[in-house]
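Heads up: the sequence shown begins at 9 in this note's numbering, then just goes up one per residue.
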Amino acid sequence: MGKQFFTAHEVIQQVHGLHSLSTLNKWANFIQKECDYTFQYEYIPFVSHGRKGQTKHHRKTRVFSIEEIQKLQGVAHLIPKIGRDKALRQLFDVHEKIDLMKHHELIDFITEIFNEKLKERDKVINALVRQYHDIDKRIIDLSRRVTQIEKTSAPDSDNTSSGWFRRKR
C-alpha cells in the first residue's frame with residue numbers, strides 16, 4: 009500500500025494545539041502560497057440531500073501525510089516561541105531549509121541536483137546516439153541497394169539501340 013493520508017478533521021484530532029478547521033486551512037493556505045509547498049488532494053465522496061433525494065458527489069479535498077502532520081505538530085510547538093509565520097516557514101519552506109543548511113549539506117544538495125540533470129542529459133544523448141546508428145545503418149543499406157540496382161540495370165543501358173524503338177543513326 010502507498011502513503012497514508014488523513015483528512016483535515018483527522019489532523020485536528022492528532023495535532024495538539026490545533027483546535028479548528030479554520031486555523032488548519034489558514035496554515036495550509038499560507039504554506040502553499042508563501043512556502044511554495046504542495047499538498048496532496050483527493051476526491052472524497054459525500055452525499056447531499058435535496059428535493060430529488062440523496063445525491064452522491066465528490067469534493068476535491070486537501071489531505072495530509074504522516075510527515076506533514078508531524079511538521080504541523082512542530083509548528084504548534086514553535087508558534088509561542090517564534091510566531092506563526094516563522095514557524096510555518098521553518099518547517100515547510102524549501103528555500104528556508106536551503107538557507108539553514110551548512111555549506112557541505114548545500115554542496116551535497118547541489119551535487120545531487122546536478123547528478124540528476126547529468127543522468128537526464130545522458131539518457132537524451134544515448135537516445136540520439138541510437139538514432140544516429142539506426143540512420144547510419146539505413147544509409148549503408150540504401151547505398152548497397154542503389155549499387156545493386158545500378159549493377160542490374162547497367163547491361164540494359166548498353167543496349168540502347170535494341171528494341172522496337174531503335175533509333176536510326
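Glycine included, C-beta positions come from ideal geometry on N, C-alpha and C.
Buried or exposed (CB count within 10 angstroms, at least 16 for buried), residue i
i: F122; result: exposed
i: K41; result: exposed
i: I39; result: buried
i: F4; result: With the chain running from 9 to 177 in the structure shown, residue 4 is simply not present.
i: E76; result: buried
i: K125; result: exposed
i: A36; result: buried
Three-way DSSP call (helix, strand, coil) for residue i in this model
i: K64; result: strand
i: V154; result: helix
i: T119; result: helix
i: T160; result: helix
Endpoints, beta strand (DSSP E) assigned at residue i
i: S56; result: 48-58
Straight-line gap, residue i to residue j (C-alpha atoms, nearest Å)
i: E5; j: G61; result: In the structure displayed, the chain extends from 9 to 177; residue 5 sits before or after that span and is not available.
i: H85; j: G25; result: 8 Å
i: Q81; j: V23; result: 5 Å
Alpha helix (DSSP H) segment containing residue i, residue limits
i: H85; result: 74-90
i: H27; result: Run containing H27: none; DSSP gives neither H nor E here.
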